[in-house]
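Participant:
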Amino acid sequence: MTSKFVLKLYVTGQTPRTERAIQNLRRICEQNLGSQYQLFVIDVLEQPHLAEQERILATPTLIKELPPPVRRIIGDLSDTLKVLQGLDLPVHPSSTGGTQE
Amino acid sequence: MSLNLRQPAIEKLPTGISGFDLIANGGIPAGRTTLVSGTAGSAKTVFAAQFLAEGIRKYGEHGVFVTFEEPPSDIRRNMESLGWDIATWESEGKWAFVDASPQPGEEMLFAGNYDLGALLARIENAVRRIGAKRLSMDSLGAIFTQFADSAVVRRELFRIVSALKRLGVTAIMTGERTQEYGDIARYGVEEFVADNVIILRNVLEDEKRRRTIEILKFRGTSHQKGEFPFTIISGEGMVVIPLSAIELKQRSSDIRVTSGNPELDRMCGGGFFRDSILLVSGATGTGKTLMTTEFMAGGVRRGERCLLFAFEESREQLFRNATGWGIDFEQMERDGLLRVVCEYPETAGLEDHLIAMKKLIQEFRPNRVAVDSLSALERVSTIRGFREFVISLTSFIKHQEIAGLFTATTPSLMGGESVTETHISTLTDSIILLRYVEMFGEMRRGLTVLKMRGSMHDKDIREFTIDNRGMHIGRPFRQVTGILSGNPIHIAPGEIDRMNQLFNDEEPQT
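Residue numbers (the numbering used here), protein chains in the order written: chain A, 1 to 101; chain B, 1001 to 1510.
#1: How many Å lie between Gly86 (chain A) and Ile73 (chain A) at the Cα?
#2: Taking Gly1182 (chain B) as the reference, give the member of B:Glu1463, B:Lys1217 and B:Ser1037 with the closest Cα.
#3: Let me know the secondary structure DSSP gives Leu1035 (chain B) once reduced to three states.
#4: Put Leu1022 (chain B) into one of helix, strand or coil per three-state DSSP.
#5: With 16 other CB atoms within 10 Å as the buried threshold, where does Ala1403 (chain B) fall?
#6: State yes or no: is the C-beta of Glu1080 (chain B) within less than 9 angstroms of the C-beta of Pro1229 (chain B)?
#7: Which residue or residues does DSSP assign as beta-bridge partners of Phe40 (chain A)?
#8: Can you tell which of B:Thr1409, B:Val1437, B:Arg1435 and B:Ile1491 has the C-alpha that lies nearest to the C-alpha of Ile1424 (chain B)?
#9: Name the chain B residues whose beta carbon is nearer than 9 angstroms to that of Asp88 (chain A)?
#10: Within the same chain, show all residues whose beta-carbon is closer than 7 angstroms to that of His1457 (chain B), passing over the 5 residues directly before and after it, in chain order.
#11: In the DSSP assignment, the alpha helix (DSSP H) including Val1280 (chain B) goes from what residue to what residue?
#12: Mind the definition here: the segment 1381 to 1394 of chain B touches the segment 1253 to 1266 of chain B only if three or more C-beta pairs lie below 8 angstroms; say whether that holds.
#13: What residue from B:Gly1470, B:Glu1090 and B:Lys1044 has the CA that sits closest to Met1296 (chain B)'s CA?
#14: Given a cut-off of 9 angstroms, decide if Arg1305 (chain B) and Gly1285 (chain B) are closer than it, judged by their beta-carbon atoms.
#15: Classify Asp1429 (chain B): buried if its beta carbon has 16 or more other beta carbons within 10 angstroms, exposed otherwise.
#16: Give me the Cα-Cα distance between Ala1492 (chain B) and Arg1478 (chain B), rounded to the nearest whole angstrom.
#17: Report the neighbours of Gln85 (chain A) on chain B: residues whose CB is nearer than 9 angstroms to its CB, in chain order.
#18: Is Arg1134 (chain B) closer than 9 angstroms to His1190 (chain B) when the C-beta atoms are compared?
#19: Identify whether Arg26 (chain A) lies in helix, strand or coil by the three-state DSSP scheme.
#20: Name, going along the chain, the residues of the segment 1112 to 1123 of chain B whose beta-carbon falls closer than 7 angstroms to a beta-carbon of chain A.
#21: How would you list, in chain order, the residues of chain A whose beta-carbon sits under 9 angstroms from the beta-carbon of Phe1147 (chain B)?
#22: Locate the beta strand (DSSP E) running through Phe1218 (chain B), then write down its first and last residues.
#23: Report yes if the CB atom of Gly1237 (chain B) is closer than 9 angstroms to the CB atom of Trp1095 (chain B), and no otherwise.
#24: Taking Val1197 (chain B) as the reference, which of B:Lys1208, B:Leu1204, B:Glu1214 and B:Arg1210 has the closest Cα?
#25: In chain order, which beta strand (DSSP E) runs of at least 3 residues are fully inside the segment 1161 to 1240 of chain B?
#26: Would you mind telling me which residues of chain B sit closer than 9 angstroms to Arg71 (chain A), beta carbon to beta carbon, in chain order?
#27: For Tyr1344 (chain B), count neighbouring C-beta atoms within 10 Å of its own C-beta (all shown protein chains included) and say buried if the count is 16 or more, exposed if not.
#28: Can you tell me whether Gly1016 (chain B) is buried or exposed, with buried defined as 16 or more other CB within 10 angstroms of its CB?
#29: Assuming Asn1126 (chain B) and Ala1132 (chain B) form a contact by the criterion Cβ under 8 angstroms, report the distance between their Cβ atoms to the nearest whole angstrom.
#30: Mind checking which residues open and close the alpha helix (DSSP H) that includes Asp1074 (chain B)?
#31: Could you work out which residue in B:Ser1073, B:Phe1192 and B:Thr1174 is closest to Glu1156 (chain B) when comparing CA atoms only?
#32: Taking 9 angstroms as the threshold (C-beta atoms), are Ile1432 (chain B) and Ser1281 (chain B) in contact?
#33: Suppose contacts are defined by Cβ-Cβ distances below 9 angstroms. Is Val1380 (chain B) in contact with Glu1346 (chain B) by that definition?
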């Protein structure tokens, strides 16, 4: 059993890129984590102080807060292999093909 | 400056950086972004931070510092030595950091397309939060190394520049150069902020470091062209020395002041002019320091304030010399009319000397200033730097409407001219030459007023002697020719009579 994942996704407004990132992340989580995760989506336009606190520069930025180590994954998460790697999840042959631009 | 009735299209925002606004004809373009580009160690961060610091100190304008390279803690500490208490300004809501410096030990993975929307949101937030009018970004190279995709970074920086324009913020962006004379900046940064470009240089020239600043372009508005030297002073920051930007509007007065020597005054047609620069040139031991001493004493005797910068002799030596000529420097200093500043030329760069000297002149407000000798300062600079120093110092002195006396040492004992002379003779109003004259196996001293702008003067080469009451100017050398070239030739009295006769014959009989 994997420990519970806490994920924060920082985005800028309701853009196609934001939509894509959320979609890609949800799919990866559902396929690999089931319900063992919590996802917070933070819009830096609405809460710039949170971006300041976390010193976010790029959007979308996904921060894996738990389990440690803390890791940042930047981009619309279309590169599924990289996302899995970043979340320390095993890479299945089937887990490819995120939504791209 | 001519008065233009048409409102200029682009307004200027004075930076408050000493001397810079003069070469920028008022400041940097307001509401725009200016790229400040330079190699490593060219003082880009100082410029960026000072732009904000002066805004707060002089104009009550708040500023945001976006740092891509050093963490804010480092910047706070580094700028403390320049006298800027950033932490206090932060607590007062006058200064805000946007920390975009790389986070050590944190892994970053890239998984798809991204933009720098969060950075933009943070910048806009900081600007609104403290009501900033100024913003500095330091330095762009560091963000290009954080994000591998240069095209994305360029596009996003362009977006930030546009946003700042919308917000009405005047901004500085610093960028790296790889060489002092080459591409404006790395990563093609200049392409999106190319409207306004300033270049900082730190060049090694004849084993001496020389910092200069050049405004390459300001779109739609004017500025001074070329490189201007600058220096960084603790407690003050960057100080630009605006050479050619100095207005040549010196009023010239016909008020005469005494040289301190009645005979010399007579030779000069009644003394030196009050706001003129005088150069005394001669080999070592010909009496330059004596002339300086008498110039100071002559001023003090008339109740004038006198300032002496000595770069060759120690205080003790100078005071002892003066006593030997019957002049009591110590008493004059006690009376508050004289100030003697002794300094080794090697203690600082020429730019620093210049600034220190200007500062002292402003503080002491003298009626006359002497520099003994200017040649000693030649050693610590390049020829070009030296010339700039002399231009800057002379125009500053003239602006203050005070009399200046500089001495120059000639390298050869007999005749010849010095580098100092070559470089400043056109800048001075009067030149006095002191020369050794060999006569019948004896060394005598000669003096002549070579040039005296705007006045009649004695054209003779006169002999002078030095005793315990100073300098005594006597009769002209009548039987010697070639003194100034260093090859004195004696002429028999008969020959002189014959030559006089020759000229008389040519003149029409009356």
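The C-beta atom is built at its ideal place from N, Cα and C for all residues, glycine as well.
This one's a predicted model, so the numbers in the text were calculated from it and none came from an experiment.
Facilitator: If we stick to the structure as given:
#1: Walking along the first sequence from the start, residue 86 (chain A) turns up at place 86. Walking along the first sequence from the start, residue 73 (chain A) turns up at place 73. The alpha-carbon atoms of Gly86 (chain A) and Ile73 (chain A) are separated by roughly 7 angstroms.
#2: Here the question's residue 1182 (chain B) lines up with position 182 in the second sequence. The shortest Cα separation from Gly1182 (chain B) among B:Glu1463, B:Lys1217 and B:Ser1037 belongs to B:Ser1037.
#3: Within the second sequence, residue 1035 (chain B) is the residue found at index 35, counting from 1. Residue state, collapsed to three classes: strand.
#4: Position 22 of the second sequence, counted from the first residue, corresponds to residue 1022 (chain B). Correct three-state label for Leu1022 (chain B): helix.
#5: On the second sequence, position 403 is the one that residue 1403 (chain B) refers to. Per the 10 Å Cβ criterion, buried.
#6: Residue 1080 (chain B) sits at position 80 when you count from the first residue of the second sequence. Residue 1229 (chain B) sits at position 229 when you count from the first residue of the second sequence. No; because the gap between Cβ atoms is not below 9 angstroms, this pair is not in contact.
#7: Working through the first sequence from its first residue, we reach residue 40 (chain A) at position 40. Answer is A:Lys8.
#8: Taking the second sequence and counting its residues from 1, one reaches residue 1424 (chain B) at position 424. Looking from the CA of Ile1424 (chain B), the closest CA among B:Thr1409, B:Val1437, B:Arg1435 and B:Ile1491 belongs to B:Thr1409.
#9: For the purposes of this step, residue 88 (chain A) is identified with residue 88 of the first sequence, where counting begins at 1. Under the 9 angstroms cutoff, chain B gives no residues; its nearest Cβ is about 11 angstroms from Asp88 (chain A).
#10: Here residue 1457 (chain B) is taken as the residue at index 457 of the second sequence, counted from 1. So the list reads Met1267, Cys1268, Gly1269 and Val1449, once near-sequence residues are dropped.
#11: Against the second sequence, residue 1280 (chain B) aligns to sequence position 280. No alpha helix (DSSP H) contains Val1280 (chain B), which is instead part of the beta strand (DSSP E) from Ile1277 to Gly1282.
#12: no
#13: Here residue 1296 (chain B) refers to the residue found at position 296 when the second sequence is read from its first residue. Closest by C-alpha distance to Met1296 (chain B), out of B:Gly1470, B:Glu1090 and B:Lys1044, is B:Gly1470.
#14: In the second sequence, the residue the question calls residue 1285 (chain B) occupies position 285. In the second sequence, the residue the question calls residue 1305 (chain B) occupies position 305. Cβ atoms of Gly1285 (chain B) and Arg1305 (chain B): not closer than 9 angstroms.
#15: Residue numbering aside, residue 1429 (chain B) sits at position 429 when the second sequence is read from its first letter. Under this definition Asp1429 (chain B) is a buried residue.
#16: For the purposes of this step, residue 1492 (chain B) is taken as residue 492 along the second sequence, with counting starting at 1. For the purposes of this step, residue 1478 (chain B) is taken as residue 478 along the second sequence, with counting starting at 1. When rounded, the distance between both Cα atoms is 10 angstroms.
#17: Here residue 85 (chain A) refers to the residue found at position 85 when the first sequence is read from its first residue. Within chain B, the residues near Gln85 (chain A) are Leu1109 and Ala1111.
#18: The residue you call residue 1190 (chain B) lines up with position 190 of the second sequence. The residue you call residue 1134 (chain B) lines up with position 134 of the second sequence. It is worth fixing the name first, because residue 1190 (chain B) is Glu in this sequence and not His. Contact: no.
#19: Translated into positions along the first sequence, residue 26 (chain A) becomes position 26. In the structure shown, Arg26 (chain A) sits in a helix (DSSP, three-state: H, G or I).
#20: Gly1112, Asn1113, Tyr1114, Asp1115, Leu1116, Gly1117, Ala1118, Leu1119, Ala1121 and Arg1122
#21: Within the second sequence, numbered from 1, the residue matching residue 1147 (chain B) stands at position 147. Going along chain A in sequence order, the residues near Phe1147 (chain B) (Cβ under 9 angstroms) are Leu57, Ala58 and Ile74.
#22: For the purposes of this step, residue 1218 (chain B) is taken as the residue at position 218 of the second sequence. Phe1218 (chain B) -> beta strand (DSSP E) spans Lys1208 to Phe1218.
#23: On the second sequence, position 237 is the one that residue 1237 (chain B) refers to. On the second sequence, position 95 is the one that residue 1095 (chain B) refers to. Contact: no.
#24: Position 197 of the second sequence, counted from the start, is the residue given in the question as residue 1197 (chain B). Closest by alpha carbon: B:Glu1214.
#25: Counting only runs of 3 or more, we get 1170 to 1176, 1196 to 1205, 1208 to 1218, 1227 to 1233 and 1237 to 1240.
#26: As a first step, residue 71 (chain A) must be located in the first sequence, where it is residue number 71. Within chain B, the residues near Arg71 (chain A) are Glu1106, Glu1107, Met1108 and Leu1109.
#27: If you number the second sequence from 1, residue 1344 (chain B) lands on position 344. It is exposed - the Cβ of Tyr1344 (chain B) has fewer than 16 other Cβ atoms within 10 Å.
#28: On the second sequence, position 16 is the one that residue 1016 (chain B) refers to. By the neighbour-count criterion, in which 16 or more other beta carbons inside 10 Å mark a residue as buried, Gly1016 (chain B) falls on the buried side.
#29: Residue 1126 (chain B) sits at position 126 when you count from the first residue of the second sequence. Residue 1132 (chain B) sits at position 132 when you count from the first residue of the second sequence. In the sequence as displayed, the identity of residue 1126 (chain B) is Ala instead of Asn. Ala1126 (chain B) to Ala1132 (chain B), Cβ: 7 angstroms. Contact.
#30: Stepping through the second sequence from its first residue, residue 1074 (chain B) is reached at position 74. Under the DSSP assignment, Asp1074 (chain B) falls in the alpha helix (DSSP H) whose first and last residues are Pro1072 to Glu1080.
#31: Numbered from 1 along the second sequence, position 156 holds the residue referred to as residue 1156 (chain B). The shortest Cα separation from Glu1156 (chain B) among B:Ser1073, B:Phe1192 and B:Thr1174 belongs to B:Phe1192.
#32: Position 281 of the second sequence, counted from the first residue, corresponds to residue 1281 (chain B). Position 432 of the second sequence, counted from the first residue, corresponds to residue 1432 (chain B). Yes, these two residues count as a Cβ contact at 9 angstroms.
#33: Taking the second sequence and counting its residues from 1, one reaches residue 1380 (chain B) at position 380. Taking the second sequence and counting its residues from 1, one reaches residue 1346 (chain B) at position 346. The Cβ atoms of Val1380 (chain B) and Glu1346 (chain B) lie closer than 9 angstroms to each other.
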